[in-house]
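Residue numbers for the sequence shown follow our numbering, beginning at 180 and rising by one. Note that CB positions come from ideal geometry on N, CA and C, so glycine has one too. All values reported here derive from a predicted model rather than from experimental measurement. For reference, the structure discussed in these notes is given below.
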Amino acid sequence: MSQTTPQEVLDALRPIIDPDLGRSIVELGFIKDLRIEGASVSFSIELTTPACPVKAEFERSARERVSALAGVDDVDVTMTADTRGRAVAPQSQDAMLPQVRNVIAVASGKGGVGKSTTAVNLALALRDTGASVGILDADVYGPSLPLLLGVNERPLSEEKDGHKKIIPLEAQGLRVMSMGFFITESSPVIWRGPMVHGLIRQFLGDVEWGALDYLVIDLPPGTGDAALTLTQQAPISGAIIVTTPNDLSVIDARKGLTMFEKVDVPVLGVVENMAYFVPPDSPDKKYWIFGRDGGKRVADELGVDFLGEIAIDPRVAEGGDIGRPILVHAPESEVAAAFRELAGKVARKLAVLAQRAPALADANITWVSDSK
Numbered sequence: 180m181s182q183t184t185p186q187e188v189l190d191a192l193r194p195i196i197d198p199d200l201g202r203s204i205v206e207l208g209f210i211k212d213l214r215i216e217g218a219s220v221s222f223s224i225e226l227t228t229p230a231c232p233v234k235a236e237f238e239r240s241a242r243e244r245v246s247a248l249a250g251v252d253d254v255d256v257t258m259t260a261d262t263r264g265r266a267v268a269p270q271s272q273d274a275m276l277p278q279v280r281n282v283i284a285v286a287s288g289k290g291g292v293g294k295s296t297t298a299v300n301l302a303l304a305l306r307d308t309g310a311s312v313g314i315l316d317a318d319v320y321g322p323s324l325p326l327l328l329g330v331n332e333r334p335l336s337e338e339k340d341g342h343k344k345i346i347p348l349e350a351q352g353l354r355v356m357s358m359g360f361f362i363t364e365s366s367p368v369i370w371r372g373p374m375v376h377g378l379i380r381q382f383l384g385d386v387e388w389g390a391l392d393y394l395v396i397d398l399p400p401g402t403g404d405a406a407l408t409l410t411q412q413a414p415i416s417g418a419i420i421v422t423t424p425n426d427l428s429v430i431d432a433r434k435g436l437t438m439f440e441k442v443d444v445p446v447l448g449v450v451e452n453m454a455y456f457v458p459p460d461s462p463d464k465k466y467w468i469f470g471r472d473g474g475k476r477v478a479d480e481l482g483v484d485f486l487g488e489i490a491i492d493p494r495v496a497e498g499g500d501i502g503r504p505i506l507v508h509a510p511e512s513e514v515a516a517a518f519r520e521l522a523g524k525v526a527r528k529l530a531v532l533a534q535r536a537p538a539l540a541d542a543n544i545t546w547v548s549d550s551k
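Printed below as a string of structure tokens:
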């Protein structure tokens, strides 16, 4: 019996379709390291994000399809992921965050909706997929990251290529930077517009973030100087709007969505925080304390995706006050599961955006004329 050919293996895998990209995993180039040794076949499937919801289904289907080929007795499938992100021109020495593949802005139209808590838990959930993640607390007026992550040291700096670089702190497996590391609890935070602009530019350009799959930026609430500066200075891959269900929060969420549209930042969707409360002694009941479905309504009205609801859980505040976000404090909770689901949706949306974005052309192009 003749040995199975690589083409036969690829043809067997071709019907497997990526649900986000809508194309065959063979056409997308996901099949790597294909080896055939006698009756044994091995290969890896390299996904665009480790948060792929059908990873196990891909592996099962691939193994079954190749095992069905004549002459194949053993199939070894390895699942890997190479997080896709924006293309960065290597010659752009002054580009902001050149080693960061995806920059995610977490915003809200007003304060008090749990934006910072959402940003922190989103970053932790992305970390749990195996990605390298950083988080920038860009809320210069009310930095909360030191409290939420339980870290409050002064970052060090080092010389690199003739420039002084700030080294981000490490907390819960994240690279972390916040204005809160440079002020005391009693320090008044008073900034004029140009000062905010310079500080944000320093956090983006002078911090040694290194290579990251995701950098989550916790934006200041509203659409003022700081938020606008960030949208113009940072190479944002996509933005998330956090709101509560009540009408006042929803009205302000619309303003945030409009700001991102005006600066051509893709809006990944709306998250409704504090959506409802489930009493611990009555898990079959839900109470919509702040109204109902406000986040869904604004998402539908403005034509963006609704990314999900986050319930009220006292453990969110309890853990946040001691530097233990809900994904660390109560990882099996419903709220922690909701943040993991949110992270999966965000990662997949960014992978789709990266796949659709045109690759950057090399600056060293030789133009050839076909005229004679």
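Option in Val531, Gly502 and Val514 with minimal Cα separation from Val330: Counting from 1 along the sequence shown, the entry for residue 330 is found at position 151. For the options Val531, Gly502 and Val514, the alpha carbon positioned closest to that of Val330 is the one of Gly502.
Could you check whether the Cβ of Asn425 sits closer than 7 Å to any Cβ belonging to chain C? You won't find chain C in this structure, because it holds only one protein chain.
Between the CA atoms of Leu447 and Val525 - distance to the nearest angstrom: Counted from its first residue, the sequence shown places residue 525 at position 346. Counted from its first residue, the sequence shown places residue 447 at position 268. Val525 and Leu447 have their C-alpha atoms roughly 7 Å apart.
When you compare each of Ile215, Leu335, Leu226 and Asp460 to Arg202 by their alpha carbons, which one comes out closest? Sequence index remark: in the sequence shown, residue 202 carries index 23 (1-based). Comparing Cα-Cα distances from Arg202 to each of Ile215, Leu335, Leu226 and Asp460, the minimum goes to Leu226.
Evaluate the contact criterion for the region 465-481 versus the region 293-305: three or more CB pairs, one atom per stretch, below 8 Å. Contact fails: fewer than three Cβ-Cβ distances are below 8 Å.
For Gly487, which beta-bridge partners are listed by DSSP? In the sequence shown, residue 487 corresponds to position 308, counting from 1. Answer is Val450, bridged to Gly487.
Going by alpha carbons, who is nearest to Ala516 out of Gly288, Pro229, Val256 and Ala304? Translated into the one-based positions of the sequence shown, residue 516 becomes position 337. Taking only the C-alpha atoms, the option nearest Ala516 is Ala304.
Find the nearest neighbour of Ala286 within the set Phe439, Arg263 and Gly482, judged by alpha-carbon distance. On the sequence shown, position 107 is the one that residue 286 refers to. Comparing Cα-Cα distances from Ala286 to each of Phe439, Arg263 and Gly482, the minimum goes to Phe439.
Who are Ile396's beta bridge partners in DSSP? Here residue 396 is taken as the residue at index 217 of the sequence shown, counted from 1. According to DSSP, which records beta bridges pairwise, Ile396 is partnered with Ala284 and Leu315.
Apart from the five residues just before and just after Trp546, which ones in its own chain have a Cβ nearer than 6 Å to its Cβ? Taking the sequence shown and counting its residues from 1, one reaches residue 546 at position 367. With a pLDDT of only 35 at Trp546, under 50, the local geometry of the prediction cannot be trusted, and the value read off the model is given with reservation. Contacts found: none.
Quick check: the region 307-321 against the region 376-395, are there 3 or more CB pairs under 8 Å? Cβ pair count under 8 Å is three or more, so yes.
Straight-line CA distance for Pro458 to Ala496? Stepping through the sequence shown from its first residue, residue 458 is reached at position 279. Stepping through the sequence shown from its first residue, residue 496 is reached at position 317. So the alpha carbons of these two residues sit roughly 16 Å apart.
Starting from Ser223 and walking both ways along the beta strand (DSSP E), at which residues does that stretch end? In the sequence shown, counting from the first residue as 1, residue 223 sits at position 44. In the DSSP assignment, Ser223 falls within the unbroken beta strand (DSSP E) covering Ser219 to Leu226.
Pair within 7 Å by beta-carbon distance, Arg519 and His508: As a first step, residue 519 must be located in the sequence shown, where it is residue number 340. As a first step, residue 508 must be located in the sequence shown, where it is residue number 329. No. Outside cutoff.
Inter-residue spacing [alpha-carbon to alpha-carbon] between Val254 and Pro194: By 1-based counting over the sequence shown, the position of residue 254 is 75. By 1-based counting over the sequence shown, the position of residue 194 is 15. Roughly 18 Å separates the two Cα atoms.
Taking C-alpha atoms, which residue in Thr184, Pro229 and Pro414 lies nearest to Val442? The sequence position of residue 442 within the sequence shown is 263, counting from 1. It is Pro414.
Is the region 416-432 in contact with the region 475-482, if contact means three or more CB pairs nearer than 8 Å? As far as the Cβ criterion goes, the region 416-432 touches the region 475-482, which means the pair count is three or higher.
Quick one: what's got a C-beta closer than 8 Å to Thr259's C-beta in the same chain, skipping five residues either side? Taking the sequence shown and counting its residues from 1, the one referred to as residue 259 is at position 80. Closer than 8 Å at Cβ, skipping near neighbours: Lys211, Ser223, Ile224, Glu225 and Leu226.
Can you look up Glu337 in the DSSP assignment and give me helix, strand or coil? The residue you call residue 337 lines up with position 158 of the sequence shown. In the structure shown, Glu337 sits in a strand (DSSP, three-state: E or B).
If you draw a straight line from the C-alpha of Gly487 to the C-alpha of Glu451, how long is it? Locating residue 487 in the sequence shown gives position 308, where the first residue counts as 1. Locating residue 451 in the sequence shown gives position 272, where the first residue counts as 1. In a straight line, the C-alpha of Gly487 is about 6 Å away from that of Glu451.
Measure how close the beta-carbons of Gln534 and Trp388 come, nearest whole angstrom, since I'm counting them as under 8 Å. On the sequence shown, position 355 is the one that residue 534 refers to. On the sequence shown, position 209 is the one that residue 388 refers to. With a Cβ gap of about 24 Å, Gln534 and Trp388 do not count as contacting.
CA-to-CA distance, Leu506 to Leu328, given in whole angstroms: Locating residue 328 in the sequence shown gives position 149, counting from the first residue. Locating residue 506 in the sequence shown gives position 327, counting from the first residue. Taking the straight line from one Cα to the other gives about 11 Å.
DSSP bridge partner residues for Ala418 (one or two, in chain order): Position 239 of the sequence shown, counted from the start, is the residue given in the question as residue 418. When DSSP reads this structure, Ala418 sits in a beta bridge with Ala284 and Val446.
Do Val531 and Asp199 count as a contact pair if the criterion is CB distance below 7 Å? The residue given as residue 199 occupies position 20 in the sequence shown. The residue given as residue 531 occupies position 352 in the sequence shown. Taking C-beta atoms as the reference points, Asp199 and Val531 count as a pair closer than 7 Å.
For Met275, which of helix, strand or coil comes out of DSSP? Counting from one through the sequence shown, the residue named residue 275 turns up at place 96. Three-state result, Met275: coil.
Among residues of its own chain, excluding the 5 on either side of Ala284, which ones have a beta-carbon nearer than 6 Å to its beta-carbon? Numbered from its first residue, the sequence shown carries residue 284 at position 105. Excluding positions up to five away in sequence, the list reads Ile396, Leu398, Ile415 and Ala418.
Would the region 340-347 and the region 228-244 be scored as touching if the rule is three or more Cβ pairs under 8 Å? The region 340-347 makes no contact with the region 228-244; the number of CB pairs closer than 8 Å stays below 3.
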